[in-house]
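Take a look at the structure set out below.
2 protein chains.
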Amino acid sequence: MTAGSARSGGRAIRVGLDVGGTKTDAVAIDGSGEILGRVRRPTGWGPDAVVQSIVETTLALAGEAGFGTADIRSVGVGIPGMVDSGSGRVLHAVNLGVESLDIAERAGSVIDAPFAVENDVKAAALGAASLRGDDASMAYLNLGTGVAAGIVAGGRIWRGTHGSAGEVGHISVDPHGRVCGCGQRGCVETLCGGGALARAWGRPGELPVRDIFDAAEAGDPVAAALRADLARGAAAAVRILVLSVDVETVVIGGGLTALGTRLEDDIVRALRADAENSPFMRSLHLDERIELLPIGSPVAALGAALLTAAPAGYPITEKETAAHG
Amino acid sequence: MTAGSARSGGRAIRVGLDVGGTKTDAVAIDGSGEILGRVRRPTGWGPDAVVQSIVETTLALAGEAGFGTADIRSVGVGIPGMVDSGSGRVLHAVNLGVESLDIAERAGSVIDAPFAVENDVKAAALGAASLRGDDASMAYLNLGTGVAAGIVAGGRIWRGTHGSAGEVGHISVDPHGRVCGCGQRGCVETLCGGGALARAWGRPGELPVRDIFDAAEAGDPVAAALRADLARGAAAAVRILVLSVDVETVVIGGGLTALGTRLEDDIVRALRADAENSPFMRSLHLDERIELLPIGSPVAALGAALLTAAPAGYPITEKETAAHG
């Protein structure tokens, strides 16, 4: 019996990994999309350690959820970097110390299953769309250290021609704004990226944005201005996504969602304030079109698992994902 | 013989009309997409006159190109207003004095053919994509009195959930910018819309934007600032389209393209200046991804004619167009 026929005769489990800068989050789903198990492990630094993290996390997940590697039908990997849609090669994953890496080739020599690789935010968009359970178009807006969105329409990730679809973090919305890490001025990310806000705040802390919110509530004017920036930037990202792609819903996730309803209320208020003088903007009902993900929701790992799934509504295979770009 | 069988047995000519604020532009195409004829007639004001313009322009086109109404397989109409994708009803076409109009019902009672109706910029996007002749994704950016874009991907108009896809003219890119007609401040349209520029210039003229360019070349600092605004706004629109949808090409059309290479050179310079400090923006090669349409190119009428066409690459029917929204 070949490994291939073992897989197809096995339990048809799809593994999805979200390889983050500090930890790798993994889920296993069965044929019906049910989550069978979840594990989190630290991520190593550099290409070899990243591959090792992927392999070890997958094996740990198999142990935890009680399946063998022969039961694995596919492994999907979401990773913070550019993913070349043709080759599946990861490029410029700077937070992982990876300049160029063929995960399918490297990890596939240990775990004999088809691999699919996608940018983590795009994978998270697919996962978030799956959790919504309808096939309306949506964008997943990730407010983390950086800011980016993934777009899902017709059950597929919209990558665009060169994979830069959803890169709304680097659209400038203020010619006099702060200089962005990308070199431009006034990018959305300078307003609502956790990294940019922490730099502007300039004080140490585990989650500087929470400190900013707390200080703003205590009356600190610098913190209040930064808190307003965060809402303004997120609102700008939502507006850009609706006025360019016109997605039905913008689901907001990422580390900053740890702020919960304080963040959501701020963004809703900013959207309403922007629409106050504009019948056109009011007609879009943006304040009703956003949703905050619960913190810790495994959308990126789930979306990664779904990269190779082809049930109704998610007709994405490795080949189609590549061709789609 | 019924009218229907006469049509299917006839020459299968598709008529496309671009109903503009002052004139209606019409083309007829045969089954291979060849343009058989083109006429332009003044557009009337108000719903009755608009319907009459559509009917009379179609009949004039038939006379000019030598076909009978029984040869008409379909009539597509591009119109500046919101088009409800379900009903095909035109809403808020303020420049035509139309609040709500069912063109298919009204004009269809005179010309017995299926009608399809679409927003004029979205129709123009389809026409521009057809002229390009490949199926790469593209956006058509219309720089006219107002500013809007249409997106075509996979040979189809991307309408979005509520038809607001491509409305990049009303994305604010400067919180301290001029107030827009939409009520917001610093919209893309305040920078590069012909109407906004003419208001800011404040002097009469047939094409105020040409006067602005000429005055800028003669050393007028107000004109130079407005000319820079135009380039900056158009560059922002291009950036937004690529960083949200990641279209391969942005084709620029609309009345302001009468400025020709002076406009194109300005936009290319603005895109290059923005990318100067940003390796990320340079990697997108935006300056190589724009194209200016020749002035007078009948893209909106051609796209309207193609709304009901279903050759390879343009599988859009009335029903599919509606369902796509």
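Residue numbers (our numbering), protein chains in the order written: chain A, 6 to 330; chain B, 6 to 330.
Heads up, the beta-carbon is just placed ideally off N, CA and C, and yes, glycines get one too.
Just so you know, these numbers come straight off a predicted model, no measurement behind them.
Endpoints, alpha helix (DSSP H) assigned at residue i
i                 : result
LEU66 of chain A  : 52-70
GLY199 of chain B : 199-206
PRO226 of chain A : 226-249
LEU276 of chain A : 266-280
VAL304 of chain B : 304-311
PRO213 of chain B : 213-222
Residue from the options with nearest C-alpha to residue i
i                 : options                                   : result
ALA203 of chain A : A:ALA17, A:GLY149, A:PHE72 and A:ARG237   : A:GLY149
VAL122 of chain B : B:ILE34, B:VAL56 and B:SER302             : B:VAL56
ILE34 of chain A  : A:ILE77, A:ALA170, A:VAL24 and A:VAL60    : A:ILE77
VAL255 of chain B : B:GLU293, B:LEU261, B:HIS97 and B:ALA278  : B:GLU293
CYS192 of chain A : A:VAL152, A:ASP139 and A:GLY308           : A:VAL152
SER142 of chain B : B:ASN100, B:ALA275 and B:ILE295           : B:ILE295
GLU194 of chain A : A:ALA118, A:GLU222, A:ALA154 and A:GLY207 : A:ALA154
ASP30 of chain B  : B:GLY301, B:LEU311 and B:ALA314           : B:GLY301
VAL32 of chain B  : B:GLY49, B:SER79, B:GLY26 and B:TRP50     : B:SER79
GLY73 of chain A  : A:HIS97, A:ALA17 and A:TRP50              : A:ALA17
ARG164 of chain B : B:VAL250, B:SER37 and B:PRO47             : B:VAL250
THR313 of chain A : A:GLY93, A:SER114 and A:VAL60             : A:GLY93
LEU196 of chain A : A:VAL173, A:LEU96 and A:LEU212            : A:VAL173
VAL60 of chain B  : B:ALA129, B:HIS175 and B:PHE120           : B:PHE120
ASN100 of chain A : A:LEU297, A:ALA130, A:PRO52 and A:ALA128  : A:PRO52
PRO213 of chain B : B:VAL95, B:GLY49, B:LEU264 and B:TRP50    : B:LEU264
GLU39 of chain B  : B:ASP271, B:LEU136 and B:THR48            : B:LEU136
VAL157 of chain B : B:ASP279, B:ARG46, B:ALA130 and B:ALA239  : B:ALA130
THR48 of chain B  : B:GLY198, B:GLY71 and B:PRO85             : B:PRO85
Alpha carbon of residue i to alpha carbon of residue j, nearest angstrom
i                 : j                 : result
GLY14 of chain B  : ALA75 of chain B  : In this predicted model, GLY14 of chain B has a pLDDT of only 49, less than 50, meaning its place in the structure is not dependable; the value taken from the coordinates is given anyway. Answer to the nearest angstrom: the Cα atoms are 9 angstroms apart.
ALA327 of chain B : ARG111 of chain B : For ALA327 of chain B, the predicted model reports a pLDDT of 34, less than 50, meaning its position is unreliable; a value from the coordinates is still stated below. So the two alpha carbons sit approximately 19 angstroms from each other.
ARG237 of chain A : VAL227 of chain A : 15 angstroms
ASP23 of chain B  : ILE257 of chain B : 17 angstroms
GLY188 of chain B : ASN282 of chain A : 5 angstroms
ALA241 of chain A : ASP234 of chain A : 10 angstroms
GLU269 of chain A : THR262 of chain B : 42 angstroms
VAL126 of chain A : GLY83 of chain A  : 8 angstroms
GLY318 of chain A : ARG161 of chain A : Residue placement at GLY318 of chain A is poorly supported in this model, since its pLDDT is 33, which falls under 50; the coordinates are not used for a value here.
LEU146 of chain B : PRO284 of chain A : 23 angstroms
VAL273 of chain A : LEU289 of chain A : 13 angstroms
LEU311 of chain A : ALA54 of chain B  : 54 angstroms
GLY26 of chain B  : ALA98 of chain B  : 9 angstroms
GLU253 of chain A : ASP117 of chain B : 36 angstroms
LEU106 of chain B : ARG244 of chain A : 29 angstroms
ALA133 of chain B : ALA306 of chain B : 10 angstroms
PRO209 of chain B : GLY186 of chain B : 19 angstroms
GLU222 of chain B : ARG277 of chain B : 21 angstroms
ALA67 of chain A  : VAL20 of chain A  : 9 angstroms
VAL28 of chain A  : GLY260 of chain B : According to the sequence provided, residue 28 of chain A is Lys. The question's Val does not apply to it. LYS28 of chain A and GLY260 of chain B: Cα-Cα distance of roughly 53 angstroms.
ALA109 of chain A : SER58 of chain A  : 14 angstroms
GLY207 of chain B : LEU246 of chain B : 30 angstroms
LYS324 of chain A : GLU69 of chain A  : Any reading at LYS324 of chain A must be qualified, since the residue scores a pLDDT of 32, below 50, and its modelled position is unreliable; the value itself is stated next. Their Cα atoms are separated by approximately 30 angstroms.
VAL44 of chain B  : ARG215 of chain B : 27 angstroms
ALA201 of chain A : VAL184 of chain A : 9 angstroms
GLY138 of chain A : ARG267 of chain B : 50 angstroms
MET87 of chain B  : ALA230 of chain B : 33 angstroms
GLY91 of chain A  : GLY81 of chain A  : 16 angstroms
GLY171 of chain B : ALA144 of chain B : 8 angstroms
SER169 of chain A : ILE176 of chain A : 12 angstroms
PRO299 of chain A : SER37 of chain B  : 53 angstroms
LEU248 of chain A : HIS181 of chain B : 20 angstroms
Residue range of the beta strand (DSSP E) that includes residue i
i                 : result
ARG287 of chain A : That residue, ARG287 of chain A, is in no beta strand (DSSP E); its alpha helix (DSSP H) goes 284-289.
VAL82 of chain A  : 77-84
HIS97 of chain A  : 95-98
GLY258 of chain A : 254-258
ILE295 of chain A : 295-297
Beta-bridge partners of residue i, as assigned by DSSP
i                 : result
ALA31 of chain B  : B:LEU22 and B:VAL44
SER92 of chain B  : Answer by DSSP bridge pairing: none, since SER92 of chain B is not bridged.
VAL184 of chain A : A:ARG190
VAL162 of chain B : Residue 162 of chain B is actually Ile in this sequence, not Val. Paired residues: B:VAL157.
SER177 of chain A : A:CYS192
Worksheet item: At which residue ranges does the segment 104-157 of chain A contain complete alpha helix (DSSP H) runs of 4 or more residues, listed in the order of the chain?
Response: 108-113 and 125-137
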